[in-house]
Amino acid sequence: MLQPHIVQGGMKPAFGVPQEADTTPQPRRNTIFKRIAQYRDSIRNKNYRDSLVRRITRQNVPEPAGSDSTLIKSEKYFTPYSGKVVRDIYYRQVNVFGPRNINDTAFRSGMKLLKFANRLHINTAEWVIRQSLFFRENDTIDPYTMADNERYLRNRPFIQDARVYIINTGASPDSVDLLVVTKDLFEYGADLREITQTAFRGGVSNNNLLGAGQGVDITTMWRNDRSPPWGAALTYTKYNVAGSFVDASVGYTTLNDYTPAAIDTGVFEGAYFINLNRPLYRTSASLIGGLYLSRSYSINYRNLPDSLYRDYRYSVIDAWVGYNFINPGKNGQDPGKKPNVALLARHYNLFFHRNPGQEIFKYDPVYNDRRYYLGQLAVFRQDFFKAHYFFGFGRTEDIPLGYNASISSGWESWRSRKRFYTALELHKFWVTKHEGLFNTTFAVGSFWQRGSSEDAIIHANMEYYSNLFNFKWGKLRQFVTVDFLANPNNFFYKPLSVNLDVGIWGYRNSRINGYQRLNVRSETVYYSPLKLLGFKFNFSTYLQLAQITEKNNAIFKNPLHSAVGAGVRIRNENLALNTFRLAAYYMPDAPAPVKSFYYEITTIVDFRFDISVLRAPGFLSFR
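Per the UniProt record's numbering, numbering of the sequence shown is gapless, rising by one per residue and ending at 623.
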């Protein structure tokens, strides 16, 4: 564990970050070959090695103390050292298996199985971490830059947690050293989605191949009712290409996987694609954008005759760019006090190379070319906090508080029909005096044709996250969500449903639909102390209510659909695996053909707070 010691220049206790003997961090300087040779010779000297370890482990400044229920401002730790010069930057990696968390740097174990598991993993290369830093030697400490960098590292798919420590504060009054500590996720992953006598679907992945910040995902599927029976998908991703903060992916699939370009046809599809994305990786970033290119095609895996098989091919070109032109963080100001202003633009073009031959689909908008241009003006302010036990099992979670307001405008050409579009979106995320969280959204948008509104969307959403309570041997938190979505004048849009994640979890293939929907959900989560082979268990109870304009245009004059349930989520946060979920639901008023009881054994993706306030402009979602 972290040990107290005496900081030079006073008797204030602090806490060190002890180093293991076989992972002594090395200083990174712009050295010539002669200095490299001198360094190599000096590192062989035991006295020098010991002094280096002492410098790293005995002069670290502690992070602000706080419990799991405390919201800590991300930049608070760095604020006392604002303006000091960075002398040297050191790097330290905590083993994937063994330590309880990134602060448990003194962990040691002679267990052979633990050592073997850690040796299976290739740690992230130091150059990958260095390439992901927003600062260099001789820069000055900017608390917001440091906090942004921790957050960026922590949200890389191959890193579980990251810290930047101020060290060697007593060596000089106007300069410090930095220690960058990271804890990887175990690089190998597997996903088994289906296994029966007639079907199989599973995959393997490596989210940090060779420790070089690159990922490979391979999935295969077999079904005896398919022709051919086998299908596969392959995706390669390089994160932060050449230090540009651009993530690049290329992939191919015949598994009918959802891709950003997929259209809602109900037909089995294959695709190959390229995706480039430069998000708002730090608050003070100016230029963001992305490019998505794909080509998709239908697959006749059931050997349907030509009269029934919808044979089509289409491509998508989707490009967007944004510029954060009023940027307080870029000038060293507190980005949580003054708003940023950004302009964004997007061009989307979906065009068919081959349309279905059936006459019935000739005028279906789904099978016709679609192009649109959108511009957006966004004003936002964000202040970040660190906390634990929201969606995770104990890992550090980044919470964005503040507001975002945007207006969008553009035009769309779909089925040779041109429409103007406008939208307004308002979003606010704030903390209550009892450290609960409110997240609210209101949005309204509409297409316009010859001065008349059509396909207008009204969306209102409220999410509440309670404070974290100690309960028995674990912890407890309450989640409440209220969501209203409406389309009063549909033209192209299809009606909403209340199936699965957009309504009641146990509703599958119900034919209930309408153009207004109200969802209310409550979930109580118990973060238990139960732990087995590194897997942690979160237990939940659920209450779900939904109303939809299936019979009457007045939302509250329609039947109330409800469900109660209980379940458990299981996850090892050291592993790059989806969360395993077991749940059961009872629906007292389930409509035919939905059964009253529903049991679920599945995997779900890791959910996190959305920390990127700027993204590609788009139409308000209606699903």
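Using N, Cα and C, we set each Cβ at its ideal position, and we do this for glycine too.
Rounded separation between residue i and residue j - CA only
i      : j      : result
VAL53  : PRO157 : Low confidence applies here, because VAL53 scores a pLDDT of 39, under 50, leaving its location unreliable; read the following figure in that light. The straight-line gap from Cα to Cα measures roughly 30 Å.
PHE597 : ILE218 : 35 Å
LEU2   : LEU533 : Low local confidence applies: a pLDDT of 41 at LEU2 is under 50, so the model's placement there is unreliable, and no value is given.
SER284 : VAL86  : 20 Å
VAL7   : ASN168 : Reliability fails at VAL7, whose pLDDT of 36 lies under 50, so the model's placement of it is uncertain and no value is given.
ALA125 : GLN214 : 11 Å
SER244 : LEU287 : 11 Å
VAL482 : PRO617 : 24 Å
MET146 : ARG278 : 20 Å
PHE273 : PHE352 : 16 Å
ASN162 : VAL181 : Note that residue 162 is Ala in the sequence shown here, rather than Asn. C-alpha separation (whole angstroms): 6 Å.
GLY394 : LYS386 : 12 Å
ARG521 : SER621 : 20 Å
PRO335 : PHE380 : 10 Å
TRP473 : TYR389 : 14 Å
LYS183 : VAL568 : 26 Å
GLN93  : GLN131 : 16 Å
TYR292 : PHE469 : 44 Å
LYS475 : VAL525 : 8 Å
LEU577 : GLU600 : 18 Å
TYR91  : ALA248 : 26 Å
ASN519 : ARG615 : 26 Å
ILE326 : LEU374 : 21 Å
GLN478 : ARG419 : 43 Å
ALA242 : ILE122 : 20 Å
LYS531 : LEU114 : 16 Å
ALA546 : TRP505 : 11 Å
ASN207 : ASN572 : 16 Å
Sheet register partners of residue i (DSSP bridge)
i           : result
VAL241      : Beta-bridge pairing links VAL241 to no other residue.
ILE218      : VAL204, LEU234
PHE535      : LEU532
TYR564      : For the record, residue 564 in the displayed sequence is Val; it is not Tyr. In the DSSP output, where bridge partners are listed per residue, VAL564 has LEU543, TYR586.
LYS494      : Its beta-bridge partners do not exist; DSSP assigns none.
residue 624 : An answer regarding residue 624 cannot be provided, because it is not within the stretch 1 to 623 covered by the chain.
TYR465      : LEU437, PHE479
GLU454      : PHE447
ALA342      : ASN324, ALA378
PRO99       : According to DSSP, which records beta bridges pairwise, PRO99 is partnered with nothing at all.
LYS73       : PHE385
THR524      : GLN478, THR541
SER172      : SER175
Cβ neighbour criterion (16 or more within 10 Å) applied to residue i
i      : result
THR253 : buried
GLN382 : buried
VAL164 : buried
PHE384 : buried
LYS362 : exposed
HIS434 : exposed
GLY357 : exposed
LYS595 : exposed
TRP320 : buried
LEU185 : buried
PHE607 : exposed
ASN552 : exposed
First and last residue of the uninterrupted alpha helix (DSSP H) at residue i
i      : result
THR432 : Premise fails: THR432 is in no alpha helix (DSSP H) and is neither H nor E.
ALA590 : First-last for ALA590: undefined, no H or E at that position.
ARG119 : 112 to 120
ASP148 : 143 to 154
GLU126 : 126 to 131
First through last residue of the beta strand (DSSP E) which encompasses residue i
i           : result
LEU85       : According to the sequence as given, residue 85 is Val; it is not Leu. Per DSSP, VAL85 belongs to the beta strand (DSSP E) from 85 to 94.
LEU374      : 370 to 387
ARG411      : For the record, residue 411 in the displayed sequence is Trp; it is not Arg. Run containing TRP411: 397 to 414, per the beta strand (DSSP E) assignment.
residue 636 : This structure cannot speak to residue 636, because the chain is shown only from 1 to 623.
ARG193      : 188 to 195
Are the stretch 507 to 519 and the stretch 491 to 498 touching, with three or more C-beta to C-beta distances below 8 Å? When Cβ pairs closer than 8 Å are counted between the two stretches, the stretch 507 to 519 is seen to touch the stretch 491 to 498, the count reaching three or more.
Contact between the stretch 483 to 494 and the stretch 531 to 546: three or more CB pairs below 8 Å? With a cut-off of 8 Å on Cβ pairs, the stretch 483 to 494 is not in contact with the stretch 531 to 546, counting fewer than three such pairs.
Is there contact here, the stretch 71 to 80 with the stretch 99 to 116, by at least three beta-carbon pairs under 8 Å? As far as the Cβ criterion goes, the stretch 71 to 80 does not touch the stretch 99 to 116, which means the pair count is below three.
I'd like to know if the stretch 194 to 202 and the stretch 221 to 235 are in contact, where contact means that at least 3 CB-CB pairs between them fall below 8 Å. Enough Cβ pairs lie closer than 8 Å, so yes.
Segment contact, 8 Å Cβ cut-off, at least three pairs: the stretch 420 to 438 with the stretch 389 to 405: A contact between stretches requires three or more CB pairs, one per stretch, nearer than 8 Å, and the stretch 420 to 438 meets this requirement with the stretch 389 to 405.
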